[in-house]
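Reading through the structure tokens given below for one structure.
In the numbering used here, the protein residues as written are 1 to 247.
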């Protein structure tokens, strides 16, 4: 390149100097090829991310199922007198005297949860024993006692959201609507809804679960459900722990 000072260059020299530092057509072609390669690599990475997310969701669902399977013979008792050092005996007394269950109920083990000894977790020999108790929990109304199933934290978080929707429906519609939470499902007039920790409210067969819920209930619940979807997971888990347990 000519080292003549700029102020002493002719116009021709100045133009030639400028052209010499501009990228050539070959440079542009090389850059275009590199950009195309980067785009292709990004496309592959996006596909891998989607695949990994799907795999993580499947693994989380499997773990949740296995955790709940391990708890399927468990029940949580709240409100029982804590004077006894034998939680199994306290559960047996409730079963025989308050629930009036005459058949033999087999308790594998029972222990207090927390230092206050206000909560007992009991594991029964079979699910038959568990359901025999749950079918009679209506006899506990007005006693201050409660019995609920034992779920893993992920399921409790989902159920907390569904219970909030159920409570909002009952507040707005009262007896005009049937809304029941069973395990991880909210039944609204026989239509099943579920809660996904990433996607929020879902309903099989409907692209938009909120639209389906609005149609069934005759209410606009978009803002309410949207608020739940924005709520932090920790908040919803705390809500499940502090609400009255349901079987």
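Beta carbons: idealized from backbone N, C-alpha and C, even for Gly.
Given the structure is predicted, the values throughout are model-derived calculations rather than measurements.
With contacts defined as CB atoms closer than 8 Å, residue 73 and residue 130 qualify as a contacting pair. Rounded to whole angstroms, the gap between the alpha carbons of residue 167 and residue 216 is 15 Å. Taking the CA atoms as reference points, residue 92 sits about 14 Å from residue 137. Per DSSP, reduced to three states, the secondary structure at residue 137 is helical. Looking at 150, 230, 169, 226, the one whose alpha-carbon comes closest to that of residue 64 is 150. For residue 115, the closest alpha carbon among the candidates 89, 85, 132 is that of 85. Here residue 21 is exposed, its C-beta having fewer than 16 other C-beta atoms within 10 Å. In terms of Cβ geometry, residue 113 and residue 80 do not form a close pair [threshold 8 Å]. Take the alpha-carbon of residue 35 and the one of residue 24: they are about 17 Å apart. If you compare the alpha carbons of 203, 124, 32 with that of residue 192, the shortest gap goes to 203. In the three-state reduction of the DSSP assignment, residue 112 falls in the strand class. At a cut-off of 3 residues, the continuous stretches assigned as beta strand (DSSP E) that sit fully inside the segment 59-93 are 74-78. A contact is defined here as three or more CB-CB pairs under 8 Å, and the segment 96-105 fails this definition with respect to the segment 151-159. Residue 148 has 76 as its beta-bridge partners, per DSSP.
Contact between residue 162 and residue 186 holds: CB atoms are separated by about 4 Å, below the 8 Å threshold. If you ignore the 5 residues before and after residue 222, its C-beta comes within less than 8 Å of the C-beta of 210, 214, all in its own chain and listed in chain order. By the C-beta density criterion, residue 111 is exposed, having fewer than 16 other C-beta atoms within 10 angstroms. Counting the other CB atoms within 10 Å of its CB gives residue 158 a total of 16 or more, which places it among the buried residues.
The beta carbon of residue 178 sits closer than 8 Å to those of 187, 188, 189, 190, all from its chain and outside the five residues before and after it, given in chain order.
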